[in-house]
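Enquirer:
Protein chains: 2
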Amino acid sequence: MLLQNWTTLSSSVVFQAEHWFRVVRDKVKLPSNRIIDDYFRIEAPEFVLIYARSTDGRVLVERQYKHGLGKITTTFPAGFIDTGEPPILAAKRELLEETGFRAKTWKHMGTFVLDGTRYSGKAHCYIAEDLEQVSTPINDDMEELEIFFLTVRELHDSIASGDLCLLPGLAIMAMATNPMMNDLYTVIKNEP
Amino acid sequence: MLLQNWTTLSSSVVFQAEHWFRVVRDKVKLPSNRIIDDYFRIEAPEFVLIYARSTDGRVLVERQYKHGLGKITTTFPAGFIDTGEPPILAAKRELLEETGFRAKTWKHMGTFVLDGTRYSGKAHCYIAEDLEQVSTPINDDMEELEIFFLTVRELHDSIASGDLCLLPGLAIMAMATNPMMNDLYTVIKNEP
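In order, the protein sequences belong to chains A and B. Following the working numbering, the numbering of the first sequence begins with 7 at its first residue and continues without gaps. Following the working numbering, the numbering of the second sequence begins with 7 at its first residue and continues without gaps.
#1: Cα-Cα, which of B:Arg31, B:Leu101 and B:Pro92 is closest to Val65 of chain B?
#2: Confirm, please, whether the CB-CB distance from Trp12 of chain B to Tyr45 of chain A is below 9 Å.
#3: Is there a Cβ from chain A that is less than 9 Å from the Cβ of His155 of chain B?
#4: Hey, quick one: how far does the alpha helix (DSSP H) through His162 of chain B stretch, first residue to last?
#5: Flag Phe82 of chain A as yes if its beta-carbon sits less than 9 Å from any beta-carbon of chain B, otherwise no.
#6: Following the continuous alpha helix (DSSP H) through Met181 of chain A, name the residue where it begins and the one where it ends.
#7: Considering Cα atoms alone, identify which of B:Ser60, B:Pro93, B:Val54 and B:Arg69 is closest to Gly85 of chain B.
#8: Under a three-way DSSP split, which group does Leu170 of chain A fall into?
#9: What three-state label does DSSP hand Glu149 of chain A in the structure shown?
#10: Using the three-state DSSP reduction, which class does Glu91 of chain A fall into: helix, strand or coil?
#11: Mind checking whether Ile144 of chain B and Glu91 of chain B have CB atoms under 9 Å apart?
#12: Taking 9 Å as the threshold (beta carbon to beta carbon), is Asp136 of chain B in contact with chain A?
#13: Among residues of its own chain, excluding the 5 on either side of Ile78 of chain A, which ones have a beta-carbon nearer than 6 Å to its beta-carbon?
#14: For Leu172 of chain A and Pro174 of chain B, which I take to be in contact (beta-carbon distance under 8 Å), what is that distance rounded to the nearest angstrom?
#15: Should Ser126 of chain B be labelled buried (16 or more other beta-carbon atoms within 10 Å of its own) or exposed?
#16: Taking the beta carbon of Asn188 of chain B as the centre, do at least 16 other beta carbons fall within 10 Å, making it buried, or is it exposed?
#17: Taking C-alpha atoms, which residue in A:Leu9, A:Gln22, A:Lys33 and A:Glu24 lies nearest to Leu15 of chain A?
#18: Taking 9 Å as the threshold (C-beta atoms), are Phe82 of chain B and Phe21 of chain A in contact?
#19: Closer than 7 Å by C-beta to Met181 of chain B: which residues in its own chain qualify, once you throw out the five before and the five after it? Chain order, please.
#20: Evaluate contact between the segment 106-120 of chain A and the segment 147-162 of chain B, counting only Cβ atoms and requiring at least three cross-stretch pairs below 8 Å.
#21: Is there at least one Cβ from chain B nearer than 9 Å to Lys33 of chain A's Cβ?
#22: Let me know if Glu209 of chain A comes out buried or exposed under the rule of 16 or more other beta-carbons within 10 Å of its beta-carbon.
#23: Over the uninterrupted beta strand (DSSP E) stretch that includes Thr111 of chain A, give me the two end residues.
#24: Nearest by alpha-carbon distance to Ile42 of chain A: which of B:Val140, B:His73 and B:Arg124 is it?
#25: I'd like the span of the beta strand (DSSP E) that includes Gly127 of chain A, first residue to last.
#26: Give me the subset of the segment 10-27 of chain B whose CB atoms are less than 9 Å from a CB atom of chain A, sorted by chain position.
#27: Taking C-alpha atoms, which residue in A:Thr105, A:Arg124, A:Leu156 and A:Gly168 lies nearest to Val140 of chain A?
#28: Please report the Cβ distance between Asp147 of chain A and Arg40 of chain B, rounded to the nearest whole angstrom; I am assuming they are in contact, meaning their Cβ atoms lie under 8 Å.
#29: Excluding five sequence neighbours on each side, which residues of the same chain lie with their C-beta closer than 6 Å to the C-beta of Val19 of chain B?
#30: In whole angstroms, give me the CA-to-CA distance for Ser167 of chain A and Cys131 of chain B.
#31: Below 8 Å on the Cβ atoms is my contact criterion, and I expect Leu3 of chain A with Thr80 of chain A to pass it. Report the Cβ-Cβ distance as a whole number of Å.
#32: Using only alpha-carbon positions, find the residue among B:Leu95, B:Lys35, B:Leu156 and B:Phe155 that is nearest to Glu52 of chain B.
#33: Tell me the residue span of the beta strand (DSSP E) that contains Gly85 of chain A.
#34: Using 8 Å for Cβ pairs, my map puts Ala134 of chain A next to Ile56 of chain A. What's the rounded Cβ distance?
#35: Classify Glu138 of chain B as buried or exposed, calling it buried when 16 or more other Cβ atoms lie within 10 Å of its own Cβ.
#36: Return the bridge partner residues of Gln22 of chain B from the DSSP annotation.
In structure tokens form, the structure reads like this:
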């Protein structure tokens, strides 16, 4: 049987967590014609994720408490895109705000969806190069963080120890350091 | 200032989407001593994610409609872990159910969290090798799918065209095909 899309018959917001995310109940019709009254999905803002590396190959990372995870972890610069903001501008803004660094060279690695089943959070992934520090980080008390550079070897150690444990960061790092995928972003046209 | 964990003062479930996910409201105390009454988080079941490759280097993929994404996409075998089920057994069960394949060799690539800010879904990632087809896939009408093998080159084309657009799949593929990360999983001890 040929694969077919589902049809959304109606949709309503059943829970709204301010501007962070909301839960939507869809009434859907499957290709089998069966109706499901309550397929719950989560809608969340799009975000940017930045693999910023210096000319000597070290990578800009943050150490930060993440409450979804419940512990302090090593992550990469990232942040939500404001309404109407072009993703590349959000990436430049977040890098500057969180780290005080500006990058002269930006490459879009692609845009990917966190979870296709229930959760629609979309990540715009970038490699940032030719870094220069132009200011000090701006952070409030919900986002206290330390900024530093790690070598790829040190990042591998962080993965092995469980310190670097967030999948989006692992994804951009594995992609950015994968020679087979090196030039993939030059031809990438994806926009899910 | 030294990084510190937040303290959760109380926690309550404010929305439950059957066994798929739930929304939790935490009352938290920040290191600054500020209290936040309503930090909303999403709790979701742990899942397994499988990069299954044949001896000639082709990779087992699925083509499937994903309602969180709203379209048909190329993905890798994956599925939720049942309550109390060891992740490796869930991986073997899901591979067999979804594809009809069994693998003789399994390697744990690590366990990673989808989103550290709001969403706790945890992915146990595996490479499966020495594949043999032992049965036909078992799928219901919510999970109609096609199974086939793609070369890594074809997977890159799928990424470039936007057809393969889910971040967890990108992450395991980028990691499994990254020579610098090849042996990382042999030393990995992470369990977030």
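Think of the CB as a built atom: it goes at the ideal place given N, C-alpha and C, for glycine as much as any other residue. Bear in mind that the values here come from a model prediction, so they are computed numbers and not experimental data.
Expert: Taking the structure as given:
#1: Translated into positions along the second sequence, residue 65 of chain B becomes position 59. Cα-wise, what sits closest to Val65 of chain B is B:Leu101.
#2: Counting from 1 along the first sequence, the entry for residue 45 of chain A is found at position 39. Counting from 1 along the second sequence, the entry for residue 12 of chain B is found at position 6. Their beta carbons are not under 9 Å apart, which means Tyr45 of chain A does not touch Trp12 of chain B by this criterion.
#3: The residue given as residue 155 of chain B occupies position 149 in the second sequence. The sequence as given places Phe at residue 155 of chain B; His does not occur at that position. No, Phe155 of chain B lies away from the interface with chain A (no Cβ there is under 9 Å from its Cβ).
#4: Counting from 1 along the second sequence, the entry for residue 162 of chain B is found at position 156. Segment Val158 to Ser167, the alpha helix (DSSP H) holding His162 of chain B.
#5: On the first sequence, position 76 is the one that residue 82 of chain A refers to. No - not a single Cβ of chain B is within 9 Å of the one on Phe82 of chain A.
#6: For the purposes of this step, residue 181 of chain A is taken as the residue at position 175 of the first sequence. Here the alpha helix (DSSP H) through Met181 of chain A covers Leu173 to Ala182.
#7: Counting from 1 along the second sequence, the entry for residue 85 of chain B is found at position 79. Cα-wise, what sits closest to Gly85 of chain B is B:Val54.
#8: For the purposes of this step, residue 170 of chain A is taken as residue 164 along the first sequence, with counting starting at 1. DSSP places Leu170 of chain A in coil when its eight states are reduced to three.
#9: Counting from 1 along the first sequence, the entry for residue 149 of chain A is found at position 143. DSSP places Glu149 of chain A in coil when its eight states are reduced to three.
#10: Here the question's residue 91 of chain A lines up with position 85 in the first sequence. In this structure, Glu91 of chain A counts as coil in the three-state DSSP scheme.
#11: On the second sequence, residue 144 of chain B is found 138 positions in, with the first residue counted as 1. On the second sequence, residue 91 of chain B is found 85 positions in, with the first residue counted as 1. Their beta carbons are not under 9 Å apart, which means Ile144 of chain B does not touch Glu91 of chain B by this criterion.
#12: Within the second sequence, residue 136 of chain B is the residue found at index 130, counting from 1. No, because no Cβ of chain A sits closer than 9 Å to the Cβ of Asp136 of chain B.
#13: Reading the first sequence from its first residue, position 72 is the one you call residue 78 of chain A. Cβ neighbours of Ile78 of chain A beyond the five flanking positions: Tyr71.
#14: The sequence position of residue 172 of chain A within the first sequence is 166, counting from 1. The sequence position of residue 174 of chain B within the second sequence is 168, counting from 1. No, Leu172 of chain A and Pro174 of chain B are not in contact; Cβ-Cβ is about 12 Å, not under 8 Å.
#15: The count along the second sequence starts at 1 and reaches residue 126 of chain B at position 120. Looking at its Cβ environment, which holds 16 or more other Cβ atoms inside 10 Å, Ser126 of chain B is buried.
#16: Translated into the one-based positions of the second sequence, residue 188 of chain B becomes position 182. Looking at its Cβ environment, which holds fewer than 16 other Cβ atoms inside 10 Å, Asn188 of chain B is exposed.
#17: As a working note, residue 15 of chain A is residue 9 in the first sequence. Of the candidates A:Leu9, A:Gln22, A:Lys33 and A:Glu24, the one whose C-alpha sits nearest the C-alpha of Leu15 of chain A is A:Lys33.
#18: Taking the first residue of the first sequence as position 1, residue 21 of chain A is located at position 15. Taking the first residue of the second sequence as position 1, residue 82 of chain B is located at position 76. Result no, Cβ atoms of Phe21 of chain A and Phe82 of chain B do not sit closer than 9 Å.
#19: Counting from one through the second sequence, the residue named residue 181 of chain B turns up at place 175. Closer than 7 Å at Cβ, skipping near neighbours: Met115 and Met187.
#20: no
#21: As a position in the first sequence, residue 33 of chain A is number 27, starting the count at 1. The C-beta of Lys33 of chain A comes no closer than 9 Å to any C-beta of chain B.
#22: Since the first residue shown for chain A is 7 and the last is 198, residue 209 of chain A is missing from the structure and cannot be characterised.
#23: Residue mapping note: residue 111 of chain A aligns to position 105 of the first sequence, counting from 1. Phe107 to Asp121 is the span of the beta strand (DSSP E), which, as asked, contains Thr111 of chain A.
#24: For the purposes of this step, residue 42 of chain A is identified with residue 36 of the first sequence, where counting begins at 1. Cα-wise, what sits closest to Ile42 of chain A is B:His73.
#25: On the first sequence, residue 127 of chain A is found 121 positions in, with the first residue counted as 1. Element bounds for Gly127 of chain A: Tyr125 to Gln139.
#26: Gln10, Asn11, Trp12, Thr14, Val20, Phe21, Ala23, Glu24, Trp26 and Phe27
#27: In the first sequence, residue 140 of chain A corresponds to position 134, counting from 1. Checking every option, the nearest Cα to that of Val140 of chain A belongs to A:Thr105.
#28: As a working note, residue 147 of chain A is residue 141 in the first sequence. As a working note, residue 40 of chain B is residue 34 in the second sequence. Right, the Cβ-Cβ distance comes to about 6 Å (below 8 Å), so this counts as a contact.
#29: Counting from one through the second sequence, the residue named residue 19 of chain B turns up at place 13. So the qualifying residues of the chain are Arg28 and Val30.
#30: On the first sequence, residue 167 of chain A is found 161 positions in, with the first residue counted as 1. On the second sequence, residue 131 of chain B is found 125 positions in, with the first residue counted as 1. Going by the C-alpha atoms only, they are around 16 Å apart.
#31: What is shown of chain A runs 7 to 198, which leaves residue 3 of chain A out entirely.
#32: Here residue 52 of chain B corresponds to residue number 46 of the second sequence, with the count starting at 1. Taking only the C-alpha atoms, the option nearest Glu52 of chain B is B:Leu95.
#33: Here residue 85 of chain A refers to the residue found at position 79 of the first sequence. Note, Gly85 of chain A: beta strand (DSSP E), Ala84 to Phe86.
#34: Against the first sequence, residue 134 of chain A aligns to sequence position 128. Against the first sequence, residue 56 of chain A aligns to sequence position 50. Yes, Ala134 of chain A and Ile56 of chain A are in contact; Cβ-Cβ is about 5 Å, under 8 Å.
#35: The residue you call residue 138 of chain B lines up with position 132 of the second sequence. Glu138 of chain B is exposed by the Cβ-count criterion.
#36: If you number the second sequence from 1, residue 22 of chain B lands on position 16. Its beta-bridge partners are B:Arg28.
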